[in-house]
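S.K.: Starting off with a structure, shown below.
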Amino acid sequence: MKNVFYFLFLIVGISTYGQNTSFEDKYKVEFKFVQEETKEVLLGSIIEIFSGNEGIDVGISDFSGNINFYLKKRKIKHNKIKIKVYGIKCMVHEQKLILKNNLKKTVFLKYGETEYTNRKKLGEFIKKLNFAEPDPFLCGTID
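Here our numbering runs 696 ahead of the position in the sequence shown, where the first position is 1.
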């Protein structure tokens, strides 16, 4: 009986340790995109994140105008990033940010001249921006 208790404790400890994910070497960055005049949430906004001259990540906001990134600290130079946001019917928004900790920011976009005018043309617009191809998702595969 004593051995069963130790065995169960070992199994529970291993499974608990295996489910913990470490984000120690990453910043959690959250953005919400809102139209400046009307305060409407902008879904389908495209964001590019750069540090130095290197592109770090790219994403598209969800239906609530939110997007989350986990940025590796080693890819960020001097704790500074530059974002470039393309909102539907909005001017391109560029901003420089300093990361000291995790970041949660609302970005206000202004209506103006843009090529990105319709959510249905999202695929065409992404091709024009020439994003790097994402890394393959290998969940459940054997290396």
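Just so you know, even glycine gets a beta-carbon here, dropped at the ideal spot from N, CA and C.
Mapping the DSSP letters down to three states, classify Lys771 as helix, strand or coil.
M.R.: Working through the sequence shown from its first residue, we reach residue 771 at position 75. Helix.
S.K.: By the DSSP assignment, the beta strand (DSSP E) with Phe877 in it spans what residues?
M.R.: Nothing about residue 877 can be reported from this structure: the residues present for the chain run from 697 to 839 only.
S.K.: Hey, out of Asn775, Leu739 and Ile707, whose CA is closest to Phe804's CA?
M.R.: As a working mapping, residue 804 is identified with position 108 in the sequence shown. If we check each option's Cα against that of Phe804, Leu739 comes out closest.
S.K.: Determine which residues share a DSSP beta bridge with Leu805 and list them.
M.R.: Translated into positions along the sequence shown, residue 805 becomes position 109. BP columns for Leu805 point to Gln731.
S.K.: State the Cα-Cα distance for the pair Tyr797 and Leu704, rounded to the nearest angstrom.
M.R.: Looking up residue 797 in the sequence shown gives position 101. Looking up residue 704 in the sequence shown gives position 8. For the sequence presented, residue 797 should be read as Asn rather than Tyr. Cα to Cα, Asn797 sits roughly 38 Å from Leu704.
S.K.: Ignore the nearest five residues each way along the sequence and tell me which others in Arg770's own chain have a CB closer than 8 Å to its CB.
M.R.: On the sequence shown, residue 770 is found 74 positions in, with the first residue counted as 1. Counting only Cβ-Cβ distances below 8 Å, and skipping sequence neighbours, we find Asp721.
S.K.: What are the residues that DSSP puts in a beta bridge with Ile794?
M.R.: Walking along the sequence shown from the start, residue 794 turns up at place 98. In the DSSP output, where bridge partners are listed per residue, Ile794 has Lys776.
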